[in-house]
Amino acid sequence: MSHASALLVIDMQNALAAISYRATETVAVIAGLRERAEAAGVPVVTIQHRGGGLEADTEGWRIVPELAPSADETVVHKTSADSFLHTDLDKTLKALGVTEVVVTGFATEICVDTTARQALSHQYDVVLVADGHTTSERPDTGDFASPERSIAHHNAIFRHIDFPGRRIRVVPAAEVDFAAA
Numbered sequence: 001m002s003h004a005s006a007l008l009v010i011d012m013q014n015a016l017a018a019i020s021y022r023a024t025e026t027v028a029v030i031a032g033l034r035e036r037a038e039a040a041g042v043p044v045v046t047i048q049h050r051g052g053g054l055e056a057d058t059e060g061w062r063i064v065p066e067l068a069p070s071a072d073e074t075v076v077h078k079t080s081a082d083s084f085l086h087t088d089l090d091k092t093l094k095a096l097g098v099t100e101v102v103v104t105g106f107a108t109e110i111c112v113d114t115t116a117r118q119a120l121s122h123q124y125d126v127v128l129v130a131d132g133h134t135t136s137e138r139p140d141t142g143d144f145a146s147p148e149r150s151i152a153h154h155n156a157i158f159r160h161i162d163f164p165g166r167r168i169r170v171v172p173a174a175e176v177d178f179a180a181a
């Protein structure tokens, strides 16, 4: 079956949610998107990081219960910030007829950013869900921006990226329209 859109849920794993800024709110936003995607027949692809302390089959590695993939859902395992690198994500999306990815998850400035940019390079339109991605809870220091600033910064940057032949949108979850897919 062909789908224009797919919802990507990146690295919403127990250990990462435990250190996330506004984890409860972000999980709720993504869970709502997931319900709407499933109701519209839009595929949901869960992306799960392996390595760097996230060892397979450990509690921290598992996806948070509210977003646990169904038995027939695609789960992509990755070992880098790029969900496309050395995975079957591109092949899976192409087989589903996907032309647009709706991007959510953890961490804003690492895996979410890298995956969204790589989606553009793989010729997908990108919808970055403005309230559907998060990063680690941390103070605003000289080394790192606060989570609020990092999320706002990435939302602003993606509103201004120009990528020939691709459409990029940054919208709140309430404005994601899976029925239009």
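In terms of the UniProt record's numbering, the sequence shown is residues 1 to 181.
By construction, the Cβ of each residue, glycine as well, lies at the ideal position given by its N, Cα and C atoms.
Over what stretch of residues does the beta strand (DSSP E) that includes residue i continue unbroken?
i: Ala6; result: 5-10
i: Arg169; result: 168-171
i: Val126; result: 125-134
i: residue 187; result: Summary: the structure shown does not reach residue 187, with the chain confined to residues 1 through 181, and so no result is reported for it.
i: Val45; result: 44-49
Quick check on residue i - is its C-beta less than 8 Å from some C-beta in chain B?
i: Thr134; result: This model lacks chain B altogether, as it is built from one protein chain only.
Is residue i buried or exposed, if buried means 16 or more other CB atoms sit within 10 Å of its CB?
i: Gly165; result: exposed
i: Ile157; result: exposed
i: Asp90; result: buried
i: Pro139; result: exposed
i: Arg167; result: exposed
i: Asp88; result: exposed
i: Lys94; result: exposed
i: Glu109; result: buried
i: Ala179; result: exposed
i: Ala37; result: buried
Whose CA, out of the options, lies closest to the CA of residue i?
i: Ser70; options: Ala17, Arg36, Ser146, Val45; result: Val45
i: Ala28; options: Glu73, Thr134, Glu66; result: Glu66
i: Ala130; options: Ala107, Pro139, Gln48, Lys94; result: Ala107
i: Gly53; options: Thr74, Val64, Leu16, Ala40; result: Leu16
i: Thr26; options: Arg149, Met12, Glu38; result: Met12
Using 8 Å for Cβ pairs, my map puts residue i next to residue j. What's the rounded Cβ distance?
i: Val76; j: Thr92; result: 7 Å
i: Cys111; j: Ile10; result: 5 Å
i: Asp143; j: Gln118; result: At roughly 25 Å, the Cβ-Cβ gap does not stay under 8 Å, so Asp143 and Gln118 are not in contact.
i: Val127; j: Val98; result: So it is not a contact: roughly 12 Å between Cβ atoms.
i: His122; j: Phe84; result: 6 Å
i: Leu8; j: Thr115; result: 7 Å
Nearest-angstrom Cα distance between residue i and residue j?
i: Asn14; j: Ala68; result: 11 Å
i: Ala6; j: Leu33; result: 11 Å
i: Glu100; j: Leu120; result: 9 Å
i: Glu73; j: Pro43; result: 8 Å
i: Met1; j: Val64; result: In this prediction, Met1 has a pLDDT of 43, which is less than 50 and means its spatial position is unreliable; nothing more can be read from the coordinates.
i: Arg169; j: Val102; result: 9 Å
i: Thr141; j: Asn155; result: 20 Å
i: Ile151; j: Ala145; result: 9 Å
i: Val176; j: Asp162; result: 21 Å
Along the alpha helix (DSSP H) that carries residue i, what are the first and last residues, could you check?
i: Phe158; result: 147-160
i: Glu100; result: Looking at the DSSP string, Glu100 is not in any alpha helix (DSSP H); the run it does join, the beta strand (DSSP E), is 100-106.
i: Val27; result: 23-39
i: Asp177; result: Looking at the DSSP string, Asp177 is not in any alpha helix (DSSP H), and its letter there is neither H nor E.
i: Thr58; result: No alpha helix (DSSP H) contains Thr58, which DSSP labels as neither H nor E.
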